[in-house]
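First comes the structure, then the notes that go with it.
Chains as they are written, first to last, in the working numbering: chain A, 2 to 90; chain B, 9 to 168.
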């Protein structure tokens, strides 16, 4: 992956919170320093392909669910979208 | 190639980011003023004025403290002891150190040419040795100093 954080977006904090993991626990699972998880979540560091794949494996999702070159839509908008469509029918 | 787990370097001294940054200023100020100022204002016998020797000592002690401190140890750590972000930071610190040192050497080289034409200051043998010492100490301390200034303060969750 690209180490330039400005071009890479991620939903790591969201997935980690949902999994109930601390930064330290997640860091241990992927073999990095807990501070590195903080850097990733704040968008200050773009991970290597290897680390990106390891993180995706921890959450059991494809890597593109966790990382994207385009900004992710807000979660509320993503969740509301099907309801809006249903309501519109 | 798979790296399973990193082993953080064990530093004999752990300082806060603020203290490390204050020390780094003491190193650069102490070494810069102490060695360069001492060389320029040297006595006819080649010895530096006592005030500059004292400033050098402050810089030297601060450099030693930074060297054995966590950030200095990180700059010396092997790849296996760092994760990929830390390796990237360390490598960037060395690149920046190299650029600063080459620039300083090149600057002195340019001055040595100009000084011939304008009859400017040039170090004698004693002063040249002093300047070389200051240069070597700065090169040793700079990677840790750069790491200290590039480090982001940890947030509450990092500390947890």
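Glycine included, each C-beta is placed from N, C-alpha and C at the ideal position. Just so we're clear, the structure is a prediction, and the values are computed from it rather than from any experiment.
Mind pulling the chain B residues with CB within less than 8 Å of residue i?
i, result
"residue 40 of chain A", "93, 160"
"residue 37 of chain A", "91, 92, 93, 94"
"residue 69 of chain A", "Those within 8 Å of residue 69 of chain A in chain B number zero; the least Cβ separation is about 20 Å."
At what residues does the alpha helix (DSSP H) containing residue i begin and finish?
i, result
"residue 157 of chain B", "133-158"
"residue 37 of chain A", "35-42"
"residue 130 of chain B", "From DSSP, residue 130 of chain B is part of no alpha helix (DSSP H); its letter is neither H nor E."
"residue 53 of chain A", "50-60"
"residue 25 of chain A", "24-31"
"residue 17 of chain A", "13-20"
In three-state DSSP terms, what is residue i?
i, result
"residue 32 of chain B", "helix"
"residue 51 of chain B", "coil"
"residue 90 of chain A", "Confidence at residue 90 of chain A is low in this model, with a pLDDT of 47, below 50, so the placement of that residue is unreliable and no value is reported for it."
"residue 77 of chain B", "strand"
"residue 21 of chain B", "strand"
"residue 68 of chain A", "strand"
"residue 10 of chain B", "Below a pLDDT of 50, predicted positions are generally treated as unreliable, and residue 10 of chain B, at 43, falls in that range; no measurement from the model is reported."
"residue 81 of chain A", "helix"
"residue 27 of chain B", "helix"
May I ask you to check if the CB of residue i is nearer than 7 Å to at least one heavy atom of the ligand GTP?
i, result
"residue 148 of chain B", "In the structure shown, the ligand GTP is absent, as is every other ligand, since no ligand is present at all."
Mind pulling the chain A residues with CB within less than 9 Å of residue i?
i, result
"residue 134 of chain B", "Neighbours of residue 134 of chain B on chain A: none; closest Cβ ~46 Å, over 9 Å."
Could you tell me which chain A residues have their CB closer than 7 Å to the CB of residue i, listed as they occur along the chain?
i, result
"residue 163 of chain B", "39"
Assuming residue i and residue j make a contact with CB atoms under 8 Å, what is their CB distance in whole Å?
i, j, result
"residue 145 of chain B", "residue 70 of chain B", "Going by Cβ atoms, the distance from residue 145 of chain B to residue 70 of chain B rounds to 10 Å, so no, they are not a contact pair."
"residue 31 of chain B", "residue 73 of chain B", "6 Å"
"residue 59 of chain A", "residue 31 of chain A", "6 Å"
"residue 151 of chain B", "residue 83 of chain B", "4 Å"
"residue 49 of chain B", "residue 62 of chain B", "So it is not a contact: roughly 14 Å between Cβ atoms."
"residue 138 of chain B", "residue 40 of chain B", "Not really, about 12 Å apart at Cβ, beyond 8 Å."
"residue 156 of chain B", "residue 25 of chain B", "7 Å"
"residue 37 of chain A", "residue 93 of chain B", "5 Å"
"residue 24 of chain A", "residue 35 of chain A", "5 Å"
"residue 58 of chain B", "residue 38 of chain B", "Incorrect: roughly 15 Å between the Cβ atoms, too far for contact."
"residue 48 of chain A", "residue 57 of chain A", "Not really, about 10 Å apart at Cβ, beyond 8 Å."
"residue 147 of chain B", "residue 89 of chain B", "22 Å between Cβ atoms; not a contact."
"residue 43 of chain B", "residue 141 of chain B", "7 Å"
Which chain B residues sit within Cβ distance under 7 Å of residue i?
i, result
"residue 58 of chain A", "Per Cβ cutoff of 7 Å: no residues; residue 58 of chain A is ~12 Å from chain B at best."
"residue 45 of chain A", "160"
"residue 52 of chain A", "92"
Going along chain B in order, which residues have a C-beta closer than 9 Å to the C-beta of residue i?
i, result
"residue 12 of chain A", "Within 9 Å Cβ-Cβ: nothing; residue 12 of chain A doesn't reach chain B, min ~16 Å."
Query raised in the report: Between the region 43-60 of chain B and the region 152-164 of chain B, do at least 3 Cβ pairs fall closer than 8 Å?
Result: no
Report task. Decide yes or no for the touch test of the region 11-20 of chain A against the region 76-86 of chain B: beta carbon pairs closer than 8 Å, at least 3 of them. Result -> no
Query raised in the report: Does the region 93-103 of chain B touch the region 115-135 of chain B, meaning 3 or more C-beta pairs lie closer than 8 Å?
Result: no
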